[in-house]
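Residue numbers (my numbering), protein chains in the order written: chain A, 74 to 507; chain B, 490 to 929.
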Amino acid sequence: MANLASDFVGIKSPNPFWLASAPPTDKEYNVRRAFEAGWGGVVWKTLGAEGPPIVNVNGPRYGAIYGADRRLLGLNNIELITDRELQQNLKEIKAVKRDYPDRAVVVSIMVPCEEEAWKAILPAVEETGADGVELNFGCPHGMAERGMGSAVGQVPEYIEMVTRWVKQYSRLPCIVKLTPNVTSILPPAMAAARGGADAVSLINTVKSITNVDLDHFSPFPMIDGKGSHGGYCGPAVKPIALNMVAEIARQEETRGLPISGIGGVTTWRDAAEFMALGAGNVQVCTAAMTYGFKIVQEMISGLSQYLDEKDMEMSDLIGRAVPNFVEWQHLNLNHVTKAVIDQDACIQCGRCYAACEDTSHQAIAMSDDRVFTVKEEECVACNLCVDVCPVEDCITMRTLEAGEMDLRTGLRVSAEHGDWTTHPNNPAARQAAE
Amino acid sequence: MTNTPLSAGIVAGRLAPAELQQNFADLHPPLDDHEALVAADRCYFCHDAPCITACPTDIDIPLFIRQIATGTPEAAAKTIFDQNILGGMCARVCPTETLCEEACVREIAEGKPVEIGQLQRYATDRLMTRGEHPFSRANPTGKRVAVVGAGPAGLACAHRLAMKGHDVVIFDARAKPGGLNEFGIAAYKSVDGFAEQEVDWLLKIGGITVETGKALGNGLTLEGLSGEYDAVFLGIGLGGVNALGLEGEDRDGVEDAVSFIADLRQASDLAALPVGRDVVVIGGGMTAVDAAVQSKLLGALNVSLVYRRGRDRMNASAYEQDLAASKGVRIITNARPVAVHGNGAVREVEFEYVTDDQKPTGEGFRLPADQLFKAIGQTLEGEALPELEGRKIRVTGAGRTSLPNVWAGGDCAAGGDDLTVTAVAEGRDAAEDIHAGLMG
């Protein structure tokens with residue numbers, strides 16, 4: 074069985090699966106249950122400054138998006154940071170860390186953008202024996218209106234400034250949690266690096282309205298007839314998160330900055346994908362909120378089996394896909410594929426036909442007796458038929474051999490790499506050649 | 490209670506009322522909202538869906554399931570009723586396992602089709618229990634059409650004609666409309682007086698008059714109707730029952746399965762309905778299965794269903810055969826009756842085993858029987874009918890007979906399976922053709 078022991082910026086945990094700062098990590102009771110279930114670490118739900126705690130709404134806090142069979146695909150949350158007393162949280166953190174010394178306990182913090190506020194809270198956190206701090210510059214709802222959370226994460230200068238204070242007043246590893254509610258994730262990540270952050274974690278939730286109550290005409294969750302935007306998370310945001318993680322992992326300015334991957338991690342496979350795109354570990358919330366803490370057992374067994382089957386160490390996996398994440402202009406235009414339908418696997422639903430005929434390239438033929446075949450002379454290899462087919466691997470993409478005729482273009486497939494940078498239709502390429 | 494399943498002869502009250510009630514409860518309890526959503530989620534919304542092709546009434550099944558999935562079962566019901574005004578009954582009695590659900594791609598994929606019949610019932614029940622009738626009549630045309638037979642074909646025809654603005658009179662021989670929906674379907678498939686409610690609901694379209702106790706040869710002649718009305722539709726079903734042609738067939742206890750089924754459907758107290766201890770049913774269709782299963786459910790001790798060919802040739806679907814077996818009916822195949830023995834009343838039925846091509850094998854057996862149900866097919870009855878094809882009325886196109894302005898559909902017409910849903914399709918299509926003829 075593969076060794077899943079993780080060392081993330083000096084924070085050790087028996088596996089790379091942490092629970093993200095969120096409702097599941099708000100209390101000692103929950104965190105103990107999480108550790109008993111096998112989670113490698115937790116990021117304790119965000120602490121605020123000493124004083125009267127913030128308050129939460131007393132109506133619904135979540136909205137949801139469903140797939141078939143009411144499978145939860147996305148969750149939208151308007152809960153704020155912890156609404157419990159700071160000292161209570163600190164006491165519980167200390168007790169948990171004492172009882173679970175091998176697990177990672179990182180404490181999420183969100184206090185006003187004032188040096189004194191950070192200077193005050195950091196020693197208290199450090200005193201609990203926690204392994205690190207995570208700066209919540211991400212939450213897009215409620216706290217942002219008060220100049221915290223994503224209000225900080227959207228201004229690189231603030232990120233850098235606060236990160237510097239944290240590094241100045243604490244010896245603990247500092248992870249800066251980034252908001253995706255920006256046009257580019259790179260400036261905030263670079264700011265964190267400049268401020269001395271040991272790592273970034275991303276993504277926090279995406280500003281969202283999940284649905285509208287069509288009887289009361291209010292966004293949901295609806296509180297007394299009104300709704301507010303929330304933070305979107307769960308499997309639905311995974312593609313956004315993967316892209317942002319990978320951007321940080323590959324760009325020269327941020328390459329090498331450790332990343333804790335967050336956003337819709339639901340299975341071991343999701344975790345492996347984040348790690349392949351550069352995440353050193355992953356944080357999970359919605360999946361646990363949907364299925365309970367036990368899912369970590371599948372994540373552990375799945376990742377372990379995968380690594381064994383690939384004969385890889387976890388360190389071999391981390392970042393392995395990053396060199397293959399390139400800009401569009403570097404994709405090989407001489408790589409030609411065609412859809413192939415496995416007639417034995419086909420259940421004749423005709424969805425490939427409807428998709429291709431109505432919305433794509435009319436490259437699938439349908440016979441009177443419902444046999445569906447690909448017209449290679451029309452197929453542009455868009456993959457839509459594969460995506461809409463309900464049977465896995467029924468439709469696959471066949472790569473044409475070099476020298477083989479592409480019936481659509483009437484050209485033979487070239488063995489050479491040829492991309493947009495050298496394509497004759499590219500004005501820039503033409504200029505360069507002249 | 491004095492009788493038990495062991496009591497000899499044809500007696501009532503073999504089971505306690507509570508057990509009878511349980512036995513004749515809804516065979517497939519309706520889906521609740523959650524079950525309906527789960528079932529609807531499984532539909533792939535196929536292109537040019539095979540289930541539609543398999544439905545004799547061409548209901549747009551993927552559309553109505555999507556309407557259920559998106560929380561509008563009333564719209565789903567409208568989609569169903571557009572094609573099949575008796576969609577509520579068809580949802581209960583269609584052999585979906587050989588129609589839409591057999592064609593469902595998830596049957597190919599997983600051997601578990603989308604529960605189309607149950608979803609159809611969910612949608613149609615929803616709209617019907619609201620008491621709304623979703624159609625209204627076109628402006629009156631002044632044309633009058635006579636429909637003979639208030640079964641599925643006649644009702645579907647009458648409804649479509651009324652929608653088009655024609656005035657319709659339906660005649661039926663029985664005291665109640667509904668035809669086989671009311672008199673010929675196993676009780677556990679249509680509980681709580683559904684057939685009657687459905688007719689009442691259908692008639693809300695308006696413009697339809699029902700006259701019961703009248704049939705061709707009983708107060709009506711085809712010639713008279715043709716003279717009085719602008720068009721005539723015959724949906725008279727098959728009123729006769731085939732005989733075994735055996736010695737001893739006239740003994741007491743030898744009955745037609747269709748009469749037994751009708752009596753059972755109309756019984757107000759199942760505990761008062763007599764049934765034999767040893768029941769033998771001869772036949773291999775739905776009528777045979779319905780009679781056999783219901784005999785068992787009434788408390789018969791031994792029920793045997795005997796069919797002259799193999800199981801694969803039975804008109805009753807595999808699902809119906811399994812249902813019979815699960816209720817304790819013994820199915821014997823490749824056996825032909827040769828004699829009904831007894832002294833006044835039937836005591837035993839003698840059979841011989843035959844090969845698949847009906848050659849005697851020389852082997853035989855006797856089954857004790859105090860009640861023998863004949864279910865070997867029904868026949869068309871009546872005189873001065875349009876020309877026949879074989880033993881049914883010959884039709885061309887949408888139910889046109891050899892006589893001008895006379896259409897026919899349902900079981901009495903040649904072609905098509907003898908199914909409720911087929912009768913509905915034929916009645917509906919004839920109505921469209923009649924309408925085109927009258928207005929053309």
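We put the beta carbon where it would ideally sit given N, CA and C, even for glycine. Quantities reported herein were computed from a predicted structural model and do not represent experimental measurements.
Between which two residues does the beta strand (DSSP E) containing residue i stretch?
i, result
"histidine 490 of chain A", "That residue, histidine 490 of chain A, is in no beta strand (DSSP E); it is neither H nor E in DSSP."
"cysteine 306 of chain A", "303–306"
"leucine 216 of chain A", "Checking the sequence shown, residue 216 of chain A turns out to be methionine, not leucine. Neither: methionine 216 of chain A is in no beta strand (DSSP E) and is coded neither H nor E."
"asparagine 832 of chain B", "824–832"
"aspartate 80 of chain A", "79–81"
"aspartate 661 of chain B", "656–661"
"lysine 250 of chain A", "247–250"
"proline 292 of chain A", "291–293"
Within 10 Å of its beta-carbon, does residue i have 16 or more other beta-carbons around it, so buried, or fewer, so exposed?
i, result
"tyrosine 61 of chain A", "Nothing in the structure corresponds to residue 61 of chain A, since chain A is present only between 74 and 507."
"tyrosine 23 of chain A", "This structure cannot settle anything about residue 23 of chain A, because the visible part of chain A is limited to 74 through 507."
"lysine 881 of chain B", "buried"
"glutamine 370 of chain A", "exposed"
"glutamine 609 of chain B", "buried"
"arginine 323 of chain A", "buried"
"arginine 855 of chain B", "exposed"
"glutamine 511 of chain B", "exposed"
"tyrosine 364 of chain A", "exposed"
"lysine 299 of chain A", "exposed"
"serine 374 of chain A", "exposed"
"phenylalanine 290 of chain A", "exposed"
"lysine 653 of chain B", "buried"
How big is the Cα-Cα spacing for residue i and residue j?
i, j, result
"proline 641 of chain B", "glycine 667 of chain B", "7 Å"
"lysine 240 of chain A", "alanine 270 of chain A", "7 Å"
"isoleucine 415 of chain A", "serine 281 of chain A", "The identity of residue 415 of chain A in the sequence shown is aspartate, whereas the question assumes isoleucine. Looking at the two C-alpha atoms, the distance is approximately 40 Å."
"alanine 514 of chain B", "proline 602 of chain B", "24 Å"
"glycine 831 of chain B", "proline 519 of chain B", "45 Å"
"leucine 691 of chain B", "proline 629 of chain B", "18 Å"
"lysine 665 of chain B", "tyrosine 808 of chain B", "30 Å"
"glycine 491 of chain A", "aspartate 343 of chain A", "32 Å"
"valine 169 of chain A", "isoleucine 194 of chain A", "19 Å"
"glycine 577 of chain B", "threonine 613 of chain B", "5 Å"
"valine 743 of chain B", "valine 582 of chain B", "27 Å"
"glycine 713 of chain B", "valine 895 of chain B", "12 Å"
"tryptophan 238 of chain A", "threonine 559 of chain B", "52 Å"
"glutamine 356 of chain A", "isoleucine 335 of chain A", "5 Å"
"arginine 267 of chain A", "glutamate 450 of chain A", "54 Å"
"leucine 404 of chain A", "methionine 263 of chain A", "27 Å"
"cysteine 186 of chain A", "alanine 488 of chain A", "57 Å"
"glycine 155 of chain A", "glycine 136 of chain A", "Per the sequence presented here, residue 155 of chain A reads as threonine, with glycine not at that position. Taking the straight line joining both Cα atoms gives about 19 Å."
Could you pull out every residue in the same chain whose Cβ sits closer than 7 Å to the Cβ of residue i, ignoring the five residues on either side in sequence?
i, result
"valine 594 of chain B", "Tyr533, Cys535, Pro539"
"phenylalanine 749 of chain B", "Ala780, Phe862"
"arginine 134 of chain A", "Asn150, Ile151, Glu152, Pro294"
"glycine 600 of chain B", "none"
The ligand NAP heavy atoms versus the CB of residue i: any closer than 7 Å?
i, result
"lysine 85 of chain A", "This structure simply doesn't include the ligand NAP, nor any ligand for that matter."
Hey, could you find the ends of the alpha helix (DSSP H) residue i is sitting in?
i, result
"asparagine 512 of chain B", "506–512"
"proline 261 of chain A", "259–268"
"isoleucine 368 of chain A", "368–383"
"cysteine 540 of chain B", "539–543"
"glutamine 241 of chain A", "229–242"
"asparagine 670 of chain B", "669–672"
"proline 562 of chain B", "562–572"
"glutamate 921 of chain B", "909–928"
"valine 273 of chain A", "First-last for valine 273 of chain A: 272–275, but that is the beta strand (DSSP E), not the alpha helix (DSSP H)."
"alanine 197 of chain A", "188–199"
"isoleucine 597 of chain B", "594–599"
"tryptophan 91 of chain A", "No alpha helix (DSSP H) holds tryptophan 91 of chain A; the beta strand (DSSP E) holding it covers 90–92."
Looking only at its own chain, which residues have a Cβ that is under 6 Å from the Cβ of residue i, when we skip the five neighbours before and after it?
i, result
"valine 459 of chain A", "Ile468"
"glycine 772 of chain B", "Ala864, Ile865"
"lysine 567 of chain B", "Pro623"
Those runs of the beta strand (DSSP E) which lie wholly inside the region 838–899 of chain B and span at least 3 residues: 849–857, 860–863, 895–897
Complete alpha helix (DSSP H) runs within the region 319–360 of chain A (minimum length 4 residues, chain order): Qualifying alpha helix (DSSP H) stretches, in chain order: 341–349.
Every unbroken alpha helix (DSSP H) inside the region 392–471 of chain A [4 residues or more]: If we require 4 residues or more, the alpha helix (DSSP H) runs fully inside the region 392–471 of chain A come out as 424–432, 457–461.
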